[in-house]
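J.: Be aware that the sequence shown starts at 809, since it is given in the working numbering, and climbs by one per residue.
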Amino acid sequence: MARRSRTLSDLIVVGGGVLGVWHAYHALRKGKRVVMLERNPVPQGASVRNFGQVVPSGLPPGIWRERGKRALKHYGSPEISENTSIRQNGSVYLASDEDEWLLLQEMKLINDNDGYECHLLSDKEVFERWPQASRRYVRGGLFFPQEMSVEPTRLVRDMIGLMIAKYGLEYLPKVTALSCREQEHFAEVTGSNGATLLAEQVIVCSGHELRTLFAEELLKHDLVTARLQMIQTVPQPKDYQLKGNILTGLTIRRYEAFHACPSYQRVIDEMPDSYLRSQGVHILFKQAVDGSLILGDSHHYTRNATTETMSFEIDYALNQAMLEEAMRIMEIPKPQIASTWNGYYTQTTKEVVNTKISDRVRIVTGIGGKGMTTGISLAEENIQATFG
Ligand SMILES: Cc1cc2nc3c(=O)[nH]c(=O)nc-3n(C[C@H](O)[C@H](O)[C@H](O)COP(=O)(O)OP(=O)(O)OC[C@H]3O[C@@H](n4cnc5c(N)ncnc54)[C@H](O)[C@@H]3O)c2cc1C
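(1) Ligand 3 and M1138: does the residue's C-beta get closer than 8 angstroms to at least one heavy atom of that ligand?
(2) For the region 1120–1191, list the beta strand (DSSP E) runs that are entirely contained and at least 3 residues long, ordered along the chain.
(3) Is H797 near ligand 1, judged by its Cβ being under 8 angstroms from some heavy atom?
(4) For ligand 1, any of its heavy atoms closer than 8 angstroms to the Cβ of S942?
(5) Out of P1080, V829, S893 and M1138, which one is the CA nearest neighbour of Y979?
(6) Buried or exposed: where does G824 fall if 16 or more other Cβ atoms within 10 Å of its Cβ makes it buried?
(7) Using a Cβ-Cβ cutoff of less than 6 angstroms, which residues in the same chain neighbour V821 once the five nearest sequence positions on both sides are dropped?
(8) Rank Y975, P869, L911 and L1055 by C-alpha distance to the C-alpha of G923 and give the top, closest one.
(9) What number of angstroms, rounded off, separates the C-alpha of T1056 from the C-alpha of Y901?
(10) Pull up the distance between the alpha-carbon of A810 and that of L1005, whole angstroms please.
(11) Drop a sphere of 10 angstroms on the beta-carbon of Q1037, count the other beta-carbons inside from all chains shown, and report buried for 16 or more, exposed for fewer.
(12) Check each candidate in T961, L1021 and L977 and name the one with the smallest Cα separation from S841.
(13) Along the chain, where does the beta strand (DSSP E) containing G999 start, and where does it finish?
(14) Following the continuous alpha helix (DSSP H) through K974, name the residue where it begins and the one where it ends.
(15) Given the structure, does E1121 come close to ligand 1, in the sense that its CB is under 8 angstroms from one of the ligand's heavy atoms?
(16) Please confirm if the region 962–970 is in contact with the region 848–855, defined as three or more CB-CB distances below 8 angstroms between the two stretches.
(17) May I ask you to verify whether the region 1087–1096 touches the region 1037–1055, counting CB pairs closer than 8 angstroms and requiring at least 3?
(18) Which residue from Y1072, L1126 and S987 puts its Cα closest to that of T1020?
(19) Using a Cβ-Cβ cut-off of 8 angstroms (strictly less than) and excluding sequence neighbours within five positions of S904, which residues of its own chain qualify?
(20) What residue from T1156, N897, V1089 and N921 has the CA that sits closest to A1134's CA?
(21) By the 10 Å Cβ neighbour count, where 16 or more other Cβ atoms means buried, how is I1122 classified, buried or exposed?
(22) How should W1149 be labelled, buried or exposed, when 16 other C-beta atoms within 10 angstroms of its C-beta is the threshold for buried?
(23) For S930, report the span of its beta strand (DSSP E) as first-last.
(24) Is the region 1071–1087 touching the region 1176–1186, taking contact as three or more C-beta pairs under 8 angstroms?
(25) In this structure, does DSSP put L1021 in helix, strand or coil?
(26) With DSSP as the reference, label Y1109 as helix, strand or coil.
(27) Taking contact to mean 3 or more Cβ pairs, one atom from each stretch, closer than 8 angstroms, check whether the region 1146–1164 and the region 1024–1031 are in contact.
(28) Suppose contacts are defined by Cβ-Cβ distances below 9 angstroms. Is Q1087 in contact with H1108 by that definition?
(29) Taking DSSP's pairing of strands, which residues face L1036 in a bridge?
(30) On the DSSP bridge assignment, give the partners of T1059 in chain order.
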């Protein structure tokens, strides 16, 4: 195929997941000319396989929590809220025993000190809002009213459509970036369509794809790839409404935000071993706009997935165990599984890989399980640092 040279744009973004989308969005809003390459016809990575929960409450107070809070403002802006499926229905953490209830009370104090609104709910208050919650499971809840959810399969598609129509994004689907080099006055990306693209700046947001671009550089960051197994039920009856993000006891025992609670270590030390724990399961619920329930998830980790391979198989015994645990927590009138899948993301102990390889090339990946919650704010900072 003939190689074609193209005009110089301000920014090339590699990858059409949420990180790529939000970098492109912030640059376009500054009036920059942006080209975005996505190797699939539509993005198929973690950004479309996740829960779509925007939950700053899951992050400890600090820079990432602040990014999450800013994300709520971005998502609530008329341009984003009117063009995507963002909903502000809040998040609730449901405690199932006295230990988890104690952690929720400690978490309430931490959030009060951080100025982040939340309300403790008695078991009765939980049942008023979520009548499906099991009387045998719930001890109490902690509710964060500002938090949001989104349909992940639609978010990136909606935003790419908006950016093309309103800001003139040049979107190149089905094009893999095969190489990226800095030249004297610009950076150059070669695409699998034979094109050579030139830009002032390149931002590579290639998710858990660690082998195509900058494989050696990525190896230095000791990235771990997580595989998460997810379930979607058939749509529930019309009068079944499960509002907001529902996070439950195993999440309270797992999410980083709770590590700061004075009782956290004792609760973890006393936690019995179980099959669900061995599979890294914590049960989250989100009702999709079609009425189905998205449930999950499990966590399996592979260090350095540049050289190791990860399993792609769906474990049906695990699905069954997750569904049984979910039904112990919530009444689910139609528990039939309509769909099940694995999602993958990379993570690092440094919270993210956000590295300038050279003056004109940046890599942003390894954001872990917080990309939907914080990616939009991280991207804003990077674009501000790049273009002022
Ligand atoms: C099951 C699951 C549940 C989750 N739940 C939540 C949640 O509720 N809330 C939350 O905040 N976060 C959640 N996350 C985390 C969140 O989904 C990720 O942090 C985020 O999607 C990562 O976005 P990304 O753009 O880095 O990666 P991806 O979404 O993987 O995007 C990378 C894109 O780059 C493309 N690409 C790669 N290499 C190239 C190349 N060389 N050329 C062209 N294109 C390329 C890929 O095709 C892909 O589309 C969850 C993740 C999973 C897996």
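Built from N, CA and C at the ideal position, the CB exists for glycine as well.
T.: Taking the definition as stated:
(1) Ligands in the displayed structure: ligand 1; ligand 3 is not one of them.
(2) Those beta strand (DSSP E) runs which fall completely within the region 1120–1191 and span 3+ residues are 1145–1155, 1161–1166 and 1169–1173.
(3) No statement about residue 797 is possible, as the shown extent of the chain runs from 809 to 1196 and does not include it.
(4) Your numbering for residue 942 matches position 134 in the sequence shown. For ligand 1, not one heavy atom lies less than 8 angstroms from the Cβ of S942.
(5) The residue you call residue 979 lines up with position 171 of the sequence shown. Considering only alpha carbons, the answer is V829.
(6) Looking up residue 824 in the sequence shown gives position 16. In summary, G824 is buried, with 16 or more beta-carbon neighbours lying within 10 Å of its beta-carbon over all protein chains present.
(7) Position 13 of the sequence shown, counted from the start, is the residue given in the question as residue 821. Closer than 6 angstroms at Cβ, skipping near neighbours: G828, H831, A832, M844 and I1011.
(8) The residue given as residue 923 occupies position 115 in the sequence shown. For the residues Y975, P869, L911 and L1055, the minimum Cα distance to G923 belongs to P869.
(9) If you number the sequence shown from 1, residue 1056 lands on position 248. If you number the sequence shown from 1, residue 901 lands on position 93. Going by the C-alpha atoms only, they are around 5 angstroms apart.
(10) Here the question's residue 810 lines up with position 2 in the sequence shown. Here the question's residue 1005 lines up with position 197 in the sequence shown. Note that A810 scores 42 on pLDDT, short of 50, meaning its location in the model is unreliable; the coordinates nonetheless yield the value given after this. A direct Cα-Cα distance of roughly 14 angstroms separates A810 from L1005.
(11) Position 229 of the sequence shown, counted from the first residue, corresponds to residue 1037. Label assigned to Q1037: buried.
(12) In the sequence shown, the residue the question calls residue 841 occupies position 33. Before going further, note that residue 841 is Arg rather than Ser in the sequence given. Comparing alpha carbon positions, the residue from T961, L1021 and L977 closest to R841 is L977.
(13) Taking the first residue of the sequence shown as 1, we reach residue 999 at position 191. Note, G999: beta strand (DSSP E), A995 to G999.
(14) Here residue 974 refers to the residue found at position 166 when the sequence shown is read from its first residue. Element bounds for K974: P960 to Y975.
(15) Here residue 1121 corresponds to residue number 313 of the sequence shown, with the count starting at 1. It does not: the Cβ of E1121 is nowhere closer than 8 angstroms to a heavy atom of ligand 1.
(16) Verdict: yes, contact present.
(17) With three or more CB-CB distances shorter than 8 angstroms, the region 1087–1096 counts as touching the region 1037–1055.
(18) Residue numbering aside, residue 1020 sits at position 212 when the sequence shown is read from its first letter. That would be S987, whose Cα lies nearest to the Cα of T1020.
(19) The residue you call residue 904 lines up with position 96 of the sequence shown. If we look at S904 and ignore the five residues flanking it on each side, its Cβ neighbours are Y945, V946, R947, T1056, G1057 and I1137.
(20) Taking the sequence shown and counting its residues from 1, one reaches residue 1134 at position 326. Of the residues T1156, N897, V1089 and N921, the one whose Cα lies closest to the Cα of A1134 is V1089.
(21) The residue you call residue 1122 lines up with position 314 of the sequence shown. Taking a 10 Å sphere around the C-beta of I1122, we find fewer than 16 other C-beta atoms and assign the residue as exposed.
(22) Counting from 1 along the sequence shown, the entry for residue 1149 is found at position 341. By the 10 Å Cβ count, W1149 comes out exposed.
(23) Translated into positions along the sequence shown, residue 930 becomes position 122. According to the DSSP assignment, S930 belongs to the beta strand (DSSP E) that extends over H927 to S930.
(24) At 8 angstroms Cβ cutoff, the stretches do not touch.
(25) By 1-based counting over the sequence shown, the position of residue 1021 is 213. Residue state for L1021 is assigned as coil, using DSSP reduced to three classes.
(26) Locating residue 1109 in the sequence shown gives position 301, where the first residue counts as 1. Y1109: strand per DSSP, three-state reduction.
(27) Counting Cβ pairs under 8 angstroms, three or more are found: they touch.
(28) Here residue 1087 corresponds to residue number 279 of the sequence shown, with the count starting at 1. Here residue 1108 corresponds to residue number 300 of the sequence shown, with the count starting at 1. Yes, these two residues count as a Cβ contact at 9 angstroms.
(29) By one-based count along the sequence shown, residue 1036 stands at place 228. According to DSSP, which records beta bridges pairwise, L1036 is partnered with G1151.
(30) Reading the sequence shown from its first residue, position 251 is the one you call residue 1059. Note: T1059 is not bridge-paired with any residue in the DSSP secondary-structure output.
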